[in-house]
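What follows is a short report on a single structure.
2 protein chains.
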Amino acid sequence: MSNVSLDDKTMARQNGIVQPLLTDLYQITMAYAYWKSGKVNDVAVFDLFFRTNPFQGEFTIFAGLEECLKFLQNFHYSESDIDYLRQTLPSTIESAFFDYLKDLTCKDIILSAIEEGSVAFPRVPLLRVEGPLIIAQLLETTLLTLVNFASLMSTNAARYRMFAGKHISLLEFGLRRAQGPDGGLSASKYSYIGGFDGTSNVLAGKMFNIPVKGTHAHSFVTSFSTLDDIKCVTLQHAETQEQCNLLEKSLDWRNRLSLILDASPEEASDGELAALISYARAFPSGFLALVDTYDVKRSGLLNFCAVALALHECGYTAVGIRIDSGDLAYLSVLARDTFKKIAETFALPWFAKLTIVASNDINEDTILSLHEQGHAIDCFGIGTHLVTCQRQPALGCVYKLVEINGQPRIKLSQDVGKVTIPGHKKAYRLFGADGHALIDLLQRSSEAAPEVGQKVLCRHPFQESKRAYVIPSKVEHLYKIYWKDGQITTAPKPLSEVRERVQASLRTLRQDIKRNLNPTPYKVAVSDDLYNFIHDLWLQNAPIGELS
Amino acid sequence: MSNVSLDDKTMARQNGIVQPLLTDLYQITMAYAYWKSGKVNDVAVFDLFFRTNPFQGEFTIFAGLEECLKFLQNFHYSESDIDYLRQTLPSTIESAFFDYLKDLTCKDIILSAIEEGSVAFPRVPLLRVEGPLIIAQLLETTLLTLVNFASLMSTNAARYRMFAGKHISLLEFGLRRAQGPDGGLSASKYSYIGGFDGTSNVLAGKMFNIPVKGTHAHSFVTSFSTLDDIKCVTLQHAETQEQCNLLEKSLDWRNRLSLILDASPEEASDGELAALISYARAFPSGFLALVDTYDVKRSGLLNFCAVALALHECGYTAVGIRIDSGDLAYLSVLARDTFKKIAETFALPWFAKLTIVASNDINEDTILSLHEQGHAIDCFGIGTHLVTCQRQPALGCVYKLVEINGQPRIKLSQDVGKVTIPGHKKAYRLFGADGHALIDLLQRSSEAAPEVGQKVLCRHPFQESKRAYVIPSKVEHLYKIYWKDGQITTAPKPLSEVRERVQASLRTLRQDIKRNLNPTPYKVAVSDDLYNFIHDLWLQNAPIGELS
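Sequences listed follow chains C and A, in order. If you count by the working numbering, then the first sequence holds residues 1 to 548, one letter each, in order. If you count by the working numbering, then the second sequence holds residues 549 to 1096, one letter each, in order.
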């Protein structure tokens, strides 16, 4: 059926799937047309940028750079790739083109980029790719694939982090709802970068050294139906090493608690108690139990508290509960009140502070609404809405030719928003005296950099009358060269540092730019020189219409 | 930074990334708790099913089975996996558990499934997994990951196919907007299964033997600015082998056409003409050109027609155009009218039938609205909305324990929709005399199968009064065993057959179930026996409340 063997498929995934055939066919047909037109020595500049921030927000986190660099490093068409292309492209393709492809590498490419983990804005290129036209063109789709989802996911995670507040733990639980295996791995990686504290995805934990978290599912609870399902009831005391009967103690506590908690042991599920006792025996120091399998109020909470107190008699401190359904505000407050009552009644202050995890279909709006209602949740486990980026499932980065052989290129469009900013450019972030970022400024690369304390004219790229003078207190040059002469020139930062960079970079944004409702747009401007350059080129290229 | 080397990462991806660590941690903590509770020999039955059809539709295409089988086949914890788990799980975990994991395989698992590519409905399990509790539990997340996105994507593609109609080509162009590399590969594979005709993704073409398609981008056009940018203007005649001057002929045709088409050669872009001539030289038999870089009406169409007619003089037939912006209904009709006019004027009937591809942000609604407005498009290239499943980015399959050691299990919930249907079940599709599917019927496995011509009572699983007698003209047993005794017992069908199965299966559904607006729900019922079984168990498990 398929003209590649399983070995080929294995090979295909060996470099992390990211190999030059992971592209749109038109890149290769264009490469041939360039080659055939004698454009092998043409030199081009491409900008990779987006036009709109995702999630109706006003900022984006740039991510994916490390994977782009790995892709450049490994860029090479294998024999089997070339064979496949020979079969797939028209038979009229000259054979010498395949020899040309066979030897192609990224040695003549220069990749400049914004630092991974930085906040970024529309029209300011995230990546600039310079080098031979053909190879620069061939990189397009793969670079977009690597940057688009990574940046979208990091931005989404950063927004959840912002709205949840600093003191709430956030865990990514989305593997089962992601776009297949690698979609799930990318989601785990980039939600960690965006500010999540861990993931349930074990492979992501192993591959990226991200904390992994998890307890048990409803099926664990329903797999027990009576107290007889507990095969072993004893637990060694943490200090005395004595054998404690966890079942007896739990039953005893359940009876005592029922008087205090207005819940009856007869209504509580024995299967659930059996499950929680078994789980506690397996993880005496990490007892965090799901309490909503039957009924949080009448069964789950009572059973959990009974086992937690029994565990305490064996020298262990329980961790907390997870609630996966129902009214999370009400149930979390109920649980917290219950914990506090027990803490007070039995003089166990730690009981009041047990962790409450919530995990049912959480999204940005749920978090904001829970904050409004009042809740007692310490940790959110977030799946579907996080990993699918529900509010906007794709970031629209594009990759546009802006210069060829030293000549600027502009892509016009009836839609002004789609007109590209031509030429080789530099980008600066100008900061105010209070440390906040004021504006991103694009200039022609030939212009002198803006200077601290010096007035600089910032213009809207397309609206003539929108101009402002800015006197920066700090000027950040946004680009560094990451790849040149066939090697990585600036090592990408490790995950943990990129993660810190996200929070540091977000702190430079004014609060009104970050807020959920009607955020203020951050300004992106061009220099006066670049403004005139754009508009001269525009007039040169736009045909004069005729009204009829 | 990370405690695995790059070699480990490579290893991790070697089996298509799909290895047992691609799971949620809680599966492994549960496995330990089961193991520690002496449940190693417990035998369980899990159902994998969804509760709601995606996209506000009333059907779902089941896909992902082949990948599930590969996962079972390769299920094995490597040394390095075990090492990672040892480091990650609490130090109190008994070492013997890791020895147990090390030897774990799927040899005792039985996997039954609906045929891949079939239409499927809420609550009717897509997969049934039977076998040792621990291993069956450990499969949960990965099976969900493999089935959820595959089924969602196939369903989405099938809907696009349905709404576009049989005679329009559909191409998947979404790689750059998918959830990273593998998200993109899965999107290509499953949109082909759902009814697309090809993809732009070259690697998907190579791996899955899917037709790949593509032409060129705007950057190709903007890389040329004047006619001098054409380095070579000649093309060998297809039959006479004579050298033709493609530039001269194109310019000549552009002048002649301008009189007929109400467009001026002065307004048309010379850079665009240079690009199209160069592209035509490279692909004389496959000339399909993007015509909206500058202005479809005043530049692109004129230039394309000029080059197409010049090519014709060299013995080649052009393929068509692609429009990537603007009013697609208007522009496609304009292009078609232009083609017809030329066909008539120069007595070239094939010119009227040139292909028109449209590709700007297309979704289901765009297609339906274009159909309403009237258009002349032959092919849609669809990216973002297809691969991200914009209208609903995740399918909510769940994996629920329904039986343990021969005893049924039910998961109750305050939300009736979330109550599970307990026990080991069989599923039948009952067909009417006209060949249409009438209803899916779940029965207890101990019951006799419904028979053709025999009245069978079908009941709503939760609403007592909703019952109907059905006399089927055909009965389809929905499950086959695909995996047993450590091997694949029914070979999964090749991609092309699964693709055909989708269309065949959809044809068995009445039109009102498939329509876009307010489709009629397809009925899923339980037998009288199963109904009573569910409700007896429900009463046994639900605590009696107290109003206060």
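For glycine and all other residues, C-beta sits at the position ideal for the given N, C-alpha and C. Computed from a predicted structure; not experimentally measured.
| Check | Outcome |
| --- | --- |
| Just the Cα atoms here: how many angstroms apart are A/A765 and C/K400? | 10 Å |
| With the cut-off set at 7 Å, would you say A/F979 and A/S1013 are in Cβ contact? | no |
| Quick one, which of A/S643, A/P638 and A/L1005 has its alpha-carbon nearest A/A1016's? | A/L1005 |
| Look at the Cβ atom of A/T841, then the Cβ atom of A/V867, and state whether they are nearer than 7 Å. | no |
| Would you list the one or two residues that DSSP bridges to C/Q236? | C/Q243 |
| Residues of the region 824-855 of chain A with a CB closer than 8 Å to any CB of chain C: list them in chain order, please. | S826, Y827, R829, A830, F831, P832, S833, G834, T841, Y842, D843, R846 and S847 |
| Is it buried or exposed, A/C853, if we count other Cβ atoms within 10 angstroms and call 16 or more buried? | buried |
| Within 7 Å of any Cβ in chain A, is that where the Cβ of C/T141 sits? | yes |
| Would you say A/M710 lies against chain C (beta-carbon separation less than 7 Å)? | no |
| Against chain B, with Cβ distances strictly below 7 Å, would A/S643 count as a contact? | In the displayed structure, chain B is absent; the protein chains listed are C and A. |
| Opposite C/E172 in the DSSP bridges: which residues? | C/T199 and C/I382 |
| Does the beta carbon of A/K973 come closer than 7 Å to any beta carbon on chain C? | no |
| Along chain A, which residues have their Cβ under 7 Å away from the Cβ of C/T29? | G762, T763, H764 and F831 |
| Bridge partners for C/H477 per DSSP, in chain order? | C/Y428 |
| Given a cut-off of 7 Å on the beta-carbon distance, is the pair C/S200 and C/A63 in contact? | no |
| Taking 7 Å as the CB-CB cut-off, is C/G417 touching chain A? | no |
| The beta strand (DSSP E) with C/V43 in it runs from where to where? | V43 to F49 |
| Looking at the C-beta of A/G732, does it have a partner C-beta in chain C at a distance below 7 Å? | yes |
| When the distance is taken between beta carbons, is C/I323 closer than 7 Å to C/V289? | For the sequence presented, residue 289 of chain C should be read as Ala rather than Val. Not closer than 7 Å, so no. |
| Does chain C have any CB closer than 7 Å to the CB of A/V750? | yes |
| Could one say the Cβ of A/T571 lies closer than 7 Å to chain C's Cβ atoms, at least one of them? | yes |
| Where does C/L290 fall in DSSP's three states? | strand |
| Which residues of chain C have a Cβ atom closer than 9 Å to the Cβ of A/A592, listed in chain order? | S219 and S223 |
| If the cut is a Cβ gap below 8 Å, which residues of chain A does C/Y531 touch? | Within 8 Å Cβ-Cβ: nothing; C/Y531 doesn't reach chain A, min ~20 Å. |
| Is there a Cβ from chain C that is less than 7 Å from the Cβ of A/Q727? | yes |
| Which chain A residues are close to C/C232, counting only those with a beta carbon under 9 Å from its beta carbon? | K584, S585 and G586 |
| Determine which residues of the region 1027-1056 of chain A have a Cβ less than 8 Å from any Cβ of chain C, and write them out in chain order. | P1042, L1043 and S1044 |
| For C/R254, return the contacting residues in chain A, with the cut-off set at a CB-CB distance below 8 Å. | Simply none; closest approach about 14 Å. |
| Can you give me the C-alpha to C-alpha distance between C/R256 and C/L235, rounded to a whole angstrom? | 21 Å |
| Could you check whether the Cβ of C/F149 sits closer than 7 Å to any Cβ belonging to chain A? | yes |
| By how many angstroms is the C-alpha of A/R724 removed from the C-alpha of A/H1025? | 41 Å |
| Can you check whether the CB of C/L133 is closer than 7 Å to the CB of C/D42? | yes |
| With a threshold of 6 Å on Cβ separation, who are the neighbours of C/D529 within its own chain once the five nearest residues in sequence on each side are excluded? | R444 and E447 |
| Determine the chain C residues that contact A/G753 at a beta-carbon separation under 8 Å, and present them in chain order. | L25, Y84 and T88 |
| For C/I260, go through chain A and note every residue whose CB falls closer than 8 Å to its CB, in chain order. | Within chain A, no residue comes near C/I260; the closest Cβ sits about 17 Å away, beyond 8 Å. |
| Measuring only the C-alpha atoms, how far is A/A705 from A/F711? | 10 Å |
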